[in-house]
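Residue numbers (our numbering), protein chains in the order written: chain A, 108 to 614; chain B, 275 to 390; chain C, 62 to 220; chain D, 13 to 109; chain E, 272 to 586.
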């Protein structure tokens, strides 16, 4: 256990964004953007400190960062804990949040009159709230605190979905809320059962006492189903496309790139850290089968979309599918007594590269909409002329989604593919390849259409500021260059983690 | 049968009832109500578990009871947000249907403005 | 000032009934709550016009509690009686009480009386629903109004 | 002594329950919303009062008794207000019997 | 069968009956009223399960405020009730839903029957450590010491929900007042009730709040009662709903969370841990947090009921 003053950074990572929300609300008016951007800058420093600290211990003892709140150690109290998975997610989310903030600088500017307006206040406060809630999801070591974190995330996401105020976005927001509430209730139900059975909600303690018995199995099933509804895994995805496509571009980027990852991360925690010895390979296969269906269905429906934003939203449905392929791969390897680390690393890379690439794509779509005044895929000509950087970003982000080298998506798929072959589950590899093929079709269509020259005399509807394009490009470039992480000397993912095969006990 | 088991079983049935209501009612307000029934069932189950944990001179385990208070408040906030959203939807569209809008709405019409 | 003091004492008594502790911090919180209540009460019910002596009102309480016993007994009798003797109807009681505080206090107290239920304020007076239209409700209401006016001399219209 | 007090409690609470029963019976038997309001408010007021009186000797301190009486008074007052509001609403046709 | 078991059994059956009514009855208003009765019965169930704190919270928030909220919505949506129920699902959906619900119930019933005995419990751990928190009520000790982080986060949940509701306003009326129903009849009975009851409610709310340190009760229950008093004032037309742009309102709303976080940070300085309390000062710090939370919670709970801003800012 490492509890140095630096561990207090975990508390700050959660509370700093929320303090920003409080001050933003209090000061309000035209200053909310300033408050938000200041908070983002401070938050970046905090996350930087955590990463630096983690890298320091990583080369040394290799233990997770822990913080026991109020000095009351679990099971009575609550502890925060950041292992490699948490640190990576903290970092990825911080990058996306700050670049989205840069992008949104002009879109949610204070009103000229100096009077407070609705959309900027809500956007900036909810951006901070999403950040704080996600950080809490990543570092919380307690199942009930995680429930509160899930609800915070939902309450921060719903106003962004409905930010536009039109009837259809309100409907999408309400549907999203109902799905999400059922999801968190099922999660809570599972947590209640676990407390009834083992008398603790602390993840570390629970993982030591949980037994493969009917009660644990029921809890795991309920919690997983609930979280899948929140993650929008096929067939529980129907709420996602209208909710994500109807929001303003910057909000869509937050929702699609980040918010769905919160509940996904919890599935990962439950299966890999809380109850690895309860999980069966067939359950993992079932999860991956849903993922495979999501990949196929999501991509095919995406191909049939006429509007860019809906296409990107359906592409999220498909990409969420990928995130679940790692489950049977990792458990397959662990069952066979092999090292499951590459599968886990592959899955994490997939998540992070999707977060970066999807944020880039939604923001790019926003710029395209501003320039053209519409986002019909059939009529994208002139875009490359007006927005060269944005189209480059779109292509780079697309390349990462497809999995072209040296993108993060490539490295992720490479690791997952080799895990599939190694564990003798080639069919998941086949699904990945097919998904990549389908993805490449729509990415290709979008890029080619945007490259078409505009009609003579065509003028962009709005001139897009250069820095917005640069923010999008930075996101896409990070996704594209993420593959170079393979060159990194340390595997941060495994920081403070016990190999799965050890947790399960030798088969 | 002891008190905890009795209320635990009652809670299981409440959760099932709520789930059925949530899945079958088309009216969003009924769905919100059903979610509240599910929530109450979960809380009651947790209460039964707390009651089983009576020890050290306490009539019930206070940790779940404290968590329940948090849970009830969170559930209320969720209901309030959902109701406000529903009323706003009614105000804007004159309807409360959650059904998918007709496929034509997915096509681009130049009059709508998805974002700016 | 006396009004404020009376109310303060009444609320302080209420607090002591709820929390009969003489520890200084309990009393401090109690003082805060009582001061807040007195302030709210003075804002909501300024003592200048149509003032109701709360103390005087409390003196009336026992009588109306007794009336409510009779009322319960009467309803139970009618409900259990096989023939269910009812002759319901509306009567209008022309009151001299000022609209607002005084009149509402009157209707609230008389809603406890046997067999009558205030339902509406009209220009002619207060409309009561009664269970038995043949009983002498108007006379009884007049007696109650006199009692109320005795403890609250300012409650009546100056004719 | 305590036997006598327990006897009093049983007697008074039973009587209270009897009046609650009367109120419910009236609710079912009486013809319209106004008469039902009579049944509900007046019988239940008395029922609650008797239950409170019955429970008084079971309280272990004076202030617990005062608290119980206070609850009764508050319920009495709220009941009087609510019955007037309901009667007004019924009279103006906002609710139907 | 012992009387106690008979009582429990009757209560459980009533609960199921009322929940069944709330879920299955055709009319939405009838369903909501059923749900409110269900909430009252649930309060009794909590008392049977020795959860007086929970019973109070359930009565105040679970049954009372939620019921009020849903009833208001049901009345407002009366005109679309018929249309909304037209799209009732077919028999196949109903059967599938019943199967899903039934299997979850069976799964849970099975889980309940296989819960281990003796039950694991943190009660001994609470008993061992409660002296250090200097509060007498174990539930309060859990809420404000052992698991204070959850309570801090919960206040943030409330703030976010309030912001979420405000965000549903029309742009033109941003900053205005919620369109909460108001009766301006100064001689009306509601008006009268508010003027008499509210001050009494303030004393009782203060008492419920303060008793929470050692006995069942606490800031949430107290704040709910105070919020109800505020709603009564607004409903009776004695006070208007506040402007959401009001600086004073916002200050009071964020006061609780802000003090909570500050006290937490103070703990990390003085006691070496965030939300830790230095020896001997636990109760003082807990009371400070609770006192700051009371007005914030009161306002937020009231605002959650009042809904989104609807009326323009009058000048």
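Virtual Cβ for every residue (Gly too), placed ideally from N, Cα, C. Keep in mind that this is a model prediction, so the values were computed, not measured.
Under three-state DSSP, which class holds residue i?
i	result
residue 386 of chain A	coil
residue 299 of chain B	coil
residue 481 of chain A	coil
residue 275 of chain B	coil
residue 386 of chain E	coil
residue 519 of chain E	helix
residue 305 of chain B	helix
residue 376 of chain B	Residue placement at residue 376 of chain B is poorly supported in this model, since its pLDDT is 43, which falls under 50; the coordinates are not used for a value here.
residue 342 of chain A	coil
residue 142 of chain C	coil
residue 363 of chain A	helix
residue 69 of chain D	helix
residue 369 of chain B	coil
residue 96 of chain C	helix
residue 332 of chain B	strand
residue 177 of chain C	strand
residue 93 of chain D	helix
residue 309 of chain A	strand
Compute the Euclidean distance between the alpha carbons of residue i and residue j, then round it to the nearest angstrom.
i	j	result
residue 563 of chain A	residue 469 of chain A	28 Å
residue 87 of chain C	residue 481 of chain E	8 Å
residue 447 of chain E	residue 274 of chain A	21 Å
residue 372 of chain A	residue 257 of chain A	11 Å
residue 183 of chain C	residue 337 of chain B	57 Å
residue 442 of chain E	residue 270 of chain A	10 Å
residue 277 of chain A	residue 363 of chain B	6 Å
residue 148 of chain A	residue 343 of chain E	43 Å
residue 117 of chain A	residue 253 of chain A	15 Å
residue 572 of chain A	residue 214 of chain A	10 Å
residue 218 of chain A	residue 224 of chain A	7 Å
residue 15 of chain D	residue 459 of chain E	49 Å
residue 111 of chain C	residue 165 of chain C	Note on residue 111 of chain C: pLDDT 45, under 50, position unreliable in the model; the coordinate value appears next. Roughly 12 Å between the two C-alpha positions.
residue 600 of chain A	residue 332 of chain A	26 Å
residue 65 of chain C	residue 103 of chain C	7 Å
Tell me the DSSP bridge mates of residue i?
i	result
residue 286 of chain A	Residue 286 of chain A is not bridged to any residue.
residue 153 of chain C	C/188
residue 187 of chain A	A/174, A/247
residue 148 of chain C	C/193
residue 182 of chain C	C/187
residue 414 of chain A	A/483
residue 582 of chain E	E/448
My guess is that residue i and residue j are in contact by the Cβ rule of under 8 Å, so how many angstroms apart are they, rounded?
i	j	result
residue 226 of chain C	residue 470 of chain E	The requested residue 226 of chain C is not part of the displayed model; chain C covers only 62 to 220.
residue 263 of chain A	residue 431 of chain E	6 Å
residue 201 of chain C	residue 173 of chain C	At roughly 12 Å, the Cβ-Cβ gap does not stay under 8 Å, so residue 201 of chain C and residue 173 of chain C are not in contact.
residue 131 of chain A	residue 231 of chain A	6 Å
residue 163 of chain C	residue 213 of chain C	7 Å
residue 484 of chain A	residue 415 of chain A	6 Å
residue 582 of chain A	residue 467 of chain A	4 Å
Can we count residue i as close to the ligand SAM, meaning its CB is less than 7 Å from some heavy atom?
i	result
residue 331 of chain A	This structure lacks the ligand SAM, and indeed carries no ligand of any kind.
Three or more C-beta pairs below 8 Å linking the segment 174 to 185 of chain A and the segment 414 to 430 of chain E: yes
Give a yes or no on contact between the segment 363 to 378 of chain A and the segment 489 to 502 of chain A, applying the rule of three or more CB pairs nearer than 8 Å. no
Inspect the CB distances between the segment 430 to 446 of chain A and the segment 502 to 517 of chain A and report whether three or more fall short of 8 Å. no
Three or more C-beta pairs below 8 Å linking the segment 149 to 157 of chain C and the segment 70 to 90 of chain D: no
Between the segment 343 to 353 of chain B and the segment 276 to 285 of chain B, are three or more C-beta pairs nearer than 8 Å? no
Would you say the segment 135 to 147 of chain A touches the segment 178 to 198 of chain A, given that touching needs at least three Cβ pairs under 8 Å? no
Under 8 Å: do the segment 305 to 321 of chain E and the segment 279 to 294 of chain E share three or more Cβ pairs, one atom per stretch? yes
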